[in-house]
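In UniProt numbering, the protein residues as written are 1 to 97. The structure appears below as structure tokens.
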């Protein structure tokens, strides 16, 4: 068996384990946080206190009311960018507080 086959087999094994054990949602929660930080940028990340995924709703706590208001105008675009980063629709709504 070649190294490529070993890697593909391991990849398939991990995918099956994730699906079988319902770990996908937990992995999505971590990846959503990473996507938020990447898309929002360092300026927003500095004011981000918490990022939590509850079902398909992303709840972001910010320490700046002005920033929260400003970001609220672009929630639809943020949802699109996060889902694009993840490669699937994970987030359907964003709540900023």
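Where a beta carbon is used, it is the ideal one built from N, C-alpha and C, also for glycine.
Which residue from the options puts its Cα closest to that of residue i?
i, options, result
"residue 95", "70, 20 and 23", "70"
"residue 43", "30, 55 and 67", "67"
"residue 86", "36, 61, 74 and 9", "36"
"residue 61", "82, 76 and 33", "33"
"residue 82", "29, 9 and 63", "29"
"residue 76", "91, 9 and 11", "91"
Just how far apart, CA to CA, sit residue i and residue j?
i, j, result
"residue 78", "residue 39", "8 Å"
"residue 19", "residue 27", "11 Å"
"residue 24", "residue 59", "19 Å"
"residue 47", "residue 14", "35 Å"
"residue 97", "residue 84", "23 Å"
"residue 54", "residue 45", "20 Å"
"residue 50", "residue 16", "31 Å"
"residue 74", "residue 65", "15 Å"
"residue 12", "residue 80", "28 Å"
"residue 10", "residue 41", "34 Å"
"residue 72", "residue 31", "22 Å"
My understanding is that residue i touches residue j, with C-beta atoms under 8 Å, so please give their C-beta distance in whole angstroms.
i, j, result
"residue 57", "residue 93", "5 Å"
### Task
Go through the segment 18 to 55 residue by residue and report every complete run of the alpha helix (DSSP H) that reaches 4 residues or more, in order.
Correct list: 24 to 45.
#### Entry: Every unbroken beta strand (DSSP E) within the segment 68 to 96, with a cutoff of 3 residues, ordered by chain
Positions of the beta strand (DSSP E) runs, each at least 3 residues long and wholly inside the segment 68 to 96, are given as 93 to 96 in order along the chain.
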